[in-house]
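If you read the sequence shown in my numbering, its first letter stands for residue 7, the second for the next number, and so on.
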Amino acid sequence: MSKIKLTRRAALMGAAGASLAVGACSPRIEAFQPASQDGPFRHGVASGDPDQTSVMLWTALTNDGGGYRGVEVATDPGFETIVFESGEDIRYVMMQPLGTLKILATGLRPGQTYFYRFRLDDAYSPVGTTRTLPVGAVGTYTIGIFSCANFPAGHFNVYREAAENGGLDLVLHLGDYLYEYAMGQYATGNAEALNRVPDPVHEMISAADYVARHAQYKSDPDLQALHAAAPWIMTWDDHETANDSNRDGAENHNEGEGSWDDRRTAALRAWYDWTPTREPEGDNRQRYGAYEIGDLATLVMLESRLTDRDPQVSLDSFPVASDADDSDPDVLAAVAAWKRDVVGDESRSLVGEQQIAGIRDACAASLAAGKPWRILGNQVIMARVNFPNFAEEMPGWLRWYATRDSEFARNFIMRTRFEVPFNLDMWDGYPAERERLYAALREVGADVITVTGDVHSFWANDLVDNSGHRIGTELVGASVTSPSPFSGFAAPGVDYGKMMREANRDVAQCNMVDHGFIRLTLTPNEALADFVTVSTIDSRDYRAGIDSQWRMQPAQGGEAPVAERVG
7 MSKIKLTRRA ALMGAAGASL AVGACSPRIE AFQPASQDGP FRHGVASGDP
57 DQTSVMLWTA LTNDGGGYRG VEVATDPGFE TIVFESGEDI RYVMMQPLGT
107 LKILATGLRP GQTYFYRFRL DDAYSPVGTT RTLPVGAVGT YTIGIFSCAN
157 FPAGHFNVYR EAAENGGLDL VLHLGDYLYE YAMGQYATGN AEALNRVPDP
207 VHEMISAADY VARHAQYKSD PDLQALHAAA PWIMTWDDHE TANDSNRDGA
257 ENHNEGEGSW DDRRTAALRA WYDWTPTREP EGDNRQRYGA YEIGDLATLV
307 MLESRLTDRD PQVSLDSFPV ASDADDSDPD VLAAVAAWKR DVVGDESRSL
357 VGEQQIAGIR DACAASLAAG KPWRILGNQV IMARVNFPNF AEEMPGWLRW
407 YATRDSEFAR NFIMRTRFEV PFNLDMWDGY PAERERLYAA LREVGADVIT
457 VTGDVHSFWA NDLVDNSGHR IGTELVGASV TSPSPFSGFA APGVDYGKMM
507 REANRDVAQC NMVDHGFIRL TLTPNEALAD FVTVSTIDSR DYRAGIDSQW
557 RMQPAQGGEA PVAERVG
């Protein structure tokens, strides 16, 4: 299915020879040391898109006056045994103020830990750690799952916790790596006090804007630490371009901001230049494909924003007044018809036929190879989730407070009486496409664990099709810093997560308070998901904790894995 050749099946029995059992005894760097802010490597180093014999290596160069530029890869942190080296001598007429350098390290051995560093003349970058994907028997493999890192909203303590204590073989970033907003807009209220004012201070629109914002994010020492700690597999969600983006535009792309195609092109060019990623041949929106983790798992990455997504259904199309009588049969029939014919329109696409076929085929091959796990890297919640009936569940005093000066809030709360989907930007806004995906997975008998970002909260969900057939489990990670969905209406004793659990039978857990990440540890016999939290993002002094822990066992007798809470 891959447009970027993420799997290299011909190399599976390549340089390594016999199968390798991956363990936790590899050499490592005890603590990442950021480069001097006076030198050329002020934005750190990163690696990504590993396969069994190669990995992409990235850095940025500040005040590059030319000379030798290159990279070294070694089996030890002291670089006594260098196994890959690449570089060239480049001369400039004038100094380059800022640029990026990406080099694909090849000829590596499967399932191995490597150390790498960049060089500009006699200056060396910080040392990063990377790993190739394994071949054959894998005893344990740990993936950290992240999303939604808004620089002005707070410190990246989540990244630092994962870098120092996560023990990760792989970082999986599911999007909203950065945000496009101007100072004074979304989640910037505390930016000045935290010394995290966005650069540029206006909304990102031009190529230069996106580059400047990427460079600012990469200046953060905690993000640098996680980039250097393990290889990354990344995708985008919407904010890498603009809020609620789709194939044809975005909610946050407005009149006077130029062509959407130009803006999207600029954003993706900056994204590829500033991330350790391989670029697909042809259309660079088509960033999807499968990664093979030995005999243990197949990771299939989805792209659900820019390639095939139809524009979102607007709640402006809701067919009845928000204060309509919710016991009137005609009102209820009109709402049901809207859900069926407008939201549920069979023609509406989210990922498209090509991706669905590729997901099916990758999962079928994974099953045929006897792998216990199939992981879908997904951007927006896949499970069915409705709003609670806030007109009844929300305390009266809070309803009064929320609606006293807001007609929008009043209409929203009253509309929840009709079992409105939680967010029409999610798979609930494309239910026919979701059924097509589920049918494709059923066709080959595949069960999945879907991992998801976007919604700034922790969830554990069942994935169930319209006939009641379980497809698998969805694990949703909290944000790195972005505010939770109801942070503007936070109140003592009001637990929105509990309301969501009680209103939705497919939701086993919902934490709408904490920031954090998911640590997913795979073994042949179980998958264990820790929902790791940090106590604050307002200070770099934090405590780590565990919201909950979930255990899944491989499918047996056609039954998809169920998430069992064990902590």
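In this text, a Cβ means the ideal position worked out from N, Cα and C, and glycines have one as well.
Below 8 Å on the Cβ atoms is my contact criterion, and I expect residue i with residue j to pass it. Report the Cβ-Cβ distance as a whole number of Å.
i: residue 252; j: residue 311; result: 7 Å
i: residue 178; j: residue 151; result: 5 Å
i: residue 171; j: residue 550; result: 7 Å
i: residue 506; j: residue 458; result: The Cβ separation is near 15 Å, so there is no contact.
i: residue 161; j: residue 50; result: Rounded, the Cβ-Cβ distance is 16 Å, inconsistent with contact.
i: residue 561; j: residue 392; result: Not really, about 28 Å apart at Cβ, beyond 8 Å.
i: residue 553; j: residue 428; result: Rounded, the Cβ-Cβ distance is 20 Å, inconsistent with contact.
i: residue 168; j: residue 176; result: Rounded, the Cβ-Cβ distance is 11 Å, inconsistent with contact.
i: residue 355; j: residue 314; result: 5 Å
Excluding the 5 residues flanking residue i on each side, which residues of the same chain have their C-beta closer than 8 Å to its C-beta?
i: residue 105; result: 66, 67, 70
i: residue 80; result: 86, 87, 88, 89, 120, 121, 122
i: residue 113; result: 21, 59, 60, 89, 90
i: residue 223; result: 155, 157, 183, 184, 229
i: residue 344; result: 323, 324, 325
i: residue 293; result: 9, 10, 241, 242, 283, 286, 307, 309
i: residue 163; result: 228, 521, 540, 542, 543, 546, 548
i: residue 351; result: 438
Would residue i and residue j be called neighbours here (beta carbons separated by less than 9 Å)?
i: residue 525; j: residue 538; result: yes
i: residue 569; j: residue 415; result: no
i: residue 140; j: residue 378; result: no
i: residue 486; j: residue 201; result: no
i: residue 238; j: residue 304; result: no
i: residue 453; j: residue 567; result: yes
i: residue 166; j: residue 231; result: yes
i: residue 134; j: residue 42; result: no
i: residue 182; j: residue 91; result: no
i: residue 629; j: residue 338; result: A question about residue 629 goes unanswered here, because the residues of the chain that appear run from 7 up to 573.
i: residue 511; j: residue 437; result: no
i: residue 74; j: residue 45; result: no
i: residue 283; j: residue 55; result: yes
i: residue 301; j: residue 376; result: yes
i: residue 468; j: residue 497; result: no
i: residue 401; j: residue 494; result: no
i: residue 462; j: residue 484; result: yes
Closer than 6 Å by C-beta to residue i: which residues in its own chain qualify, once you throw out the five before and the five after it? Chain order, please.
i: residue 130; result: 123
i: residue 503; result: 516, 517, 518
i: residue 8; result: Low confidence applies to residue 8: its pLDDT is 48, below 50, so where it sits in the model is not reliable, and the reading given next is rough at best. Excluding sequence neighbours, residue 8 sits near 295.
i: residue 63; result: 53, 77, 109, 111, 122
i: residue 456; result: 382, 384, 388, 480
i: residue 40; result: 227, 230
i: residue 243; result: 181, 182, 385, 460
i: residue 528; result: 147, 302, 303, 379
i: residue 102; result: 70
i: residue 127; result: 73, 74
Residues bridged to residue i by DSSP?
i: residue 533; result: 528, 558
i: residue 464; result: 517
i: residue 53; result: 63
i: residue 384; result: 458
i: residue 298; result: 304
i: residue 156; result: Paired residues: none, contrary to the question.
i: residue 90; result: 79
i: residue 478; result: 454, 469
i: residue 379; result: 303
i: residue 102; result: 70
i: residue 108; result: 64
i: residue 402; result: Bridge partners of residue 402: none, in fact.
i: residue 344; result: Paired residues: none, contrary to the question.
i: residue 334; result: Answer is none; residue 334 lacks a bridge partner.
i: residue 95; result: 74
i: residue 199; result: Residue 199 pairs with nothing; no bridge assigned.
i: residue 392; result: 427
Ordered along the chain, which non-local residues of its own chain (more than five positions away) have a Cβ less than 7 Å from that of residue i?
i: residue 276; result: 213, 216, 217, 220
i: residue 318; result: 250, 252, 430, 431, 435
i: residue 279; result: 106
i: residue 471; result: 441, 444, 477
i: residue 299; result: 139, 140, 144, 147, 305
i: residue 210; result: 186, 216, 219
The stretch 485-494 / the stretch 517-525 touching (three or more Cβ pairs under 8 Å): yes
The stretch 85-97 contacting the stretch 267-287, beta-carbon criterion three pairs below 8 Å: no
Validate contact between the stretch 412-427 and the stretch 393-402 using beta carbons, cut 8 Å, 3 pairs: In this structure the stretch 412-427 lies against the stretch 393-402, because at least three pairs of beta carbons, one per stretch, are closer than 8 Å.
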